[in-house]
Structures are given as C-alpha cells and as structure tokens.
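Heads up: the sequence shown runs through residues 2 to 257, numbered per our numbering. Every residue gets a Cβ at the ideal spot worked out from N, C-alpha and C, and that includes glycine. Since the model is a prediction, treat every value here as computed from it, not as a measurement. Step one of this worksheet: look at the structure below.
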Amino acid sequence: MDDYELMAPFYDLVNADLTEDLPFWLGLAAKRGGPVLELGCGSGRVLLQLAREGQRAVGVDCSPAMLARARARLAQRADLGQRVTLIEQDVRALALEEQFPLAIMPLNTFAHLLTFEDQLLALVRVAEHLAPGGWYALDIPNAAEVFAAPPGGLVLERTVRDELSAREVMEFSMLSLDRTAQLGHIMWVYDEIDREGRVRRTRIPMTLRYTFPGEMRALLELAGLRLVGLYGGYQREPFEDGSPRMLVLAERPARG
Numbered sequence: 002m003d004d005y006e007l008m009a010p011f012y013d014l015v016n017a018d019l020t021e022d023l024p025f026w027l028g029l030a031a032k033r034g035g036p037v038l039e040l041g042c043g044s045g046r047v048l049l050q051l052a053r054e055g056q057r058a059v060g061v062d063c064s065p066a067m068l069a070r071a072r073a074r075l076a077q078r079a080d081l082g083q084r085v086t087l088i089e090q091d092v093r094a095l096a097l098e099e100q101f102p103l104a105i106m107p108l109n110t111f112a113h114l115l116t117f118e119d120q121l122l123a124l125v126r127v128a129e130h131l132a133p134g135g136w137y138a139l140d141i142p143n144a145a146e147v148f149a150a151p152p153g154g155l156v157l158e159r160t161v162r163d164e165l166s167a168r169e170v171m172e173f174s175m176l177s178l179d180r181t182a183q184l185g186h187i188m189w190v191y192d193e194i195d196r197e198g199r200v201r202r203t204r205i206p207m208t209l210r211y212t213f214p215g216e217m218r219a220l221l222e223l224a225g226l227r228l229v230g231l232y233g234g235y236q237r238e239p240f241e242d243g244s245p246r247m248l249v250l251a252e253r254p255a256r257g
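This is the structure:
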C-alpha cells in the first residue's frame, strides 16, 4: 500500500482551502498555452482548475488511489472531461506520446524523489517531454528553512469538518530530520471524531527530500534545462534567506 492510498481519503478534505498557489500555475498556463502536463497531479486540485480555465491538461501520478479521487471529481464535472487526461505512470519512467509547452510539479511533488539520482532521472524525462522552448516549473520548501527549524513534537496542523459524514478530522504532523541525507521523515496523524465522540486514528509515514538552490541548478543543467527563474513565493518574490518556498522555472532551450 503506497502512502497516498492511506492519504487519499483525507487529502481533499484537509486541503480544501489550499488555493494560494493556483494563480501562479494558471498564470504560467496562460502565458505558455496548452496542453499542460502536470506531474504528481494527485486528486486534481490544480489540474481541474487548469481545465476550468479552458486548458487541455494531462495529469500523471503513480498513485492509483489519488487518480481514483481525480476521476471521481471529474465525473461530477462532465464539462471538463474532454479537456483532462489522467495517466498512471512514475515520472522517472515517463513515456508519453507528445511534448508539451508547459510541465508543472506543484506543491512538493519533486520532494518525493528521494535521491539525487532519482531527481535527475525525473528531470531528464521531463526535458524529453517538453517542446523546444517549453517551460518546466516546480514548487518545494526552502531547504535552509526546513533544516534550521528546531526539533519539535506532534503539531496540530488543522481541524476540519466533513459535512457529509458529520465527522471532525484533526490533522497532526511530526517531522524528524536527517540532515546528512537531506531527508525529512514526516508522520501524518489523522484523528476522525464521529458524532458520538469516538476517535479513529490513522498514521501515515512519509519522506521528502529537500533540495538546495545550487544542487537544483546542477540538476537542471545535467538534464539539459536552463534555469530562468528562482522565486521565494507565489507572487514571484525573489528567493532569499527566509523564503518559505523555492519555486523553480526552467526552460528547454529551443533548437536551432
């Protein structure tokens, strides 16, 4: 069972208000046009927004459970079905039959690649699927900020209510850092409280790899991509010490 098979029942519920990054992705799509390739599309949070804006979008994910959630959401929007294609593949072995003017990896997708070698392999595959002059963008945490944080215990991230089941869901996280390997081991904890007050707890372990700017530049160069922008937030703020995020914009150079 993959991590996201356990996460899938909670993902849309706890991320329902996660919208601050959407203008960034929609803006890139408006500039480059479609079709847009989203890698790590999950349950379709960004993908469906692209389709609502009139873009044709191809979503790739390696989690059958998350893709099932995306298909269920699409089934509720018949008007979007013709614009969205969902594909189950691992980005490290990406093999599609077209190239794209824009490929994106929103919200920590790149951090699920846990070694330098896997990251490079994925970037090579991405470059192969970009049209000449095509853009690639990703969004990950600022590694320096993550590793500067003091050790902590269980943190309450949010409490949400599922109106359909009348349950309350409390989301907790606990982070353990391996600075040598640049890894963060996260334990997600979900407490579901039903109307009788009974609690059901689900624990989901997850590991992310945090990449520093210099390393990212090297990875892009090795994959044949050119860095064109490095930002610290979704308004394209300059990336600097203290930036919470690292947003990377790269380009496959046009040939000839």
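Residues bridged to residue i [DSSP beta-bridge criterion]
{"i": "E169", "result": "R162 and I194"}
{"i": "W258", "result": "This structure cannot settle anything about residue 258, because the visible part of the chain is limited to 2 through 257."}
{"i": "L1", "result": "Residue 1 lies beyond the residue range present for the chain, which begins at 2 and ends at 257; the question has no answer from this structure."}
{"i": "V59", "result": "L38 and T86"}
{"i": "M260", "result": "The chain is shown only over 2 to 257; residue 260 falls outside these bounds and no answer can be derived."}
{"i": "R246", "result": "P142"}
{"i": "P239", "result": "Y232"}
Own chain, CB closer than 7 Å to residue i, minus 5 neighbours either side, in chain order
{"i": "N16", "result": "R46"}
{"i": "D195", "result": "R168"}
{"i": "M217", "result": "V249"}
{"i": "G34", "result": "P102"}
{"i": "E197", "result": "none"}
Nonlocal neighbours in the same chain, by C-beta distance under 6 Å from residue i, ignoring five residues either side
{"i": "L221", "result": "L228 and A251"}
{"i": "F111", "result": "L139 and I141"}
{"i": "T203", "result": "Y191"}
{"i": "L155", "result": "F173 and M175"}
{"i": "F25", "result": "Y235"}
{"i": "D18", "result": "none"}
C-alpha distance - residue i paired with residue j, whole-angstrom precision
{"i": "L178", "j": "L157", "result": "18 Å"}
{"i": "L29", "j": "A224", "result": "21 Å"}
{"i": "C63", "j": "Q90", "result": "5 Å"}
{"i": "I88", "j": "V59", "result": "8 Å"}
{"i": "M2", "j": "R159", "result": "Here the model assigns M2 a pLDDT of 44, short of 50, so the residue's position is not dependable, and the following value carries that caveat. Rounded to the nearest angstrom, the two C-alpha atoms are 25 Å apart."}
{"i": "S174", "j": "R93", "result": "28 Å"}
{"i": "L121", "j": "F213", "result": "14 Å"}
{"i": "G257", "j": "R57", "result": "Confidence in G257 is poor, its pLDDT being 43 and thus under 50, which makes the residue's placement too unreliable to answer from."}
{"i": "V125", "j": "R253", "result": "11 Å"}
{"i": "E238", "j": "D22", "result": "13 Å"}
{"i": "A76", "j": "R70", "result": "10 Å"}
{"i": "L226", "j": "E39", "result": "17 Å"}
{"i": "K32", "j": "G135", "result": "11 Å"}
{"i": "R162", "j": "V170", "result": "6 Å"}
{"i": "F117", "j": "Y211", "result": "10 Å"}
{"i": "A123", "j": "L165", "result": "39 Å"}
{"i": "L114", "j": "G41", "result": "11 Å"}
{"i": "F11", "j": "W189", "result": "11 Å"}
Assumed close pair residue i, residue j - CB separation to whole angstroms, cut-off 8 Å
{"i": "L231", "j": "T208", "result": "Contact doesn't hold; Cβ gap of about 25 Å is too wide."}
{"i": "V201", "j": "E193", "result": "For the record, residue 201 in the displayed sequence is Arg; it is not Val. About 5 Å; that satisfies the 8 Å criterion."}
{"i": "S244", "j": "N109", "result": "Contact flag wrong, Cβ pair sits at about 15 Å."}
{"i": "A9", "j": "A66", "result": "4 Å"}
{"i": "S44", "j": "R84", "result": "So it is not a contact: roughly 17 Å between Cβ atoms."}
{"i": "L51", "j": "V37", "result": "5 Å"}
{"i": "I205", "j": "L7", "result": "5 Å"}
{"i": "E54", "j": "L27", "result": "6 Å"}
Own chain, CB closer than 8 Å to residue i, minus 5 neighbours either side, in chain order
{"i": "F240", "result": "N143, P214, L231, Y232, G233, M247 and L248"}
{"i": "A219", "result": "none"}
Task: At least 3 beta-carbon pairs within less than 8 Å: the segment 91–105 vs the segment 125–138 - done: Yes, since at least three Cβ pairs between the segment 91–105 and the segment 125–138 fall closer than 8 Å, the two stretches touch.
Open item on the list: I want to know whether the segment 102–111 touches the segment 137–147 - three or more CB-CB distances under 8 Å.
Closed with: yes
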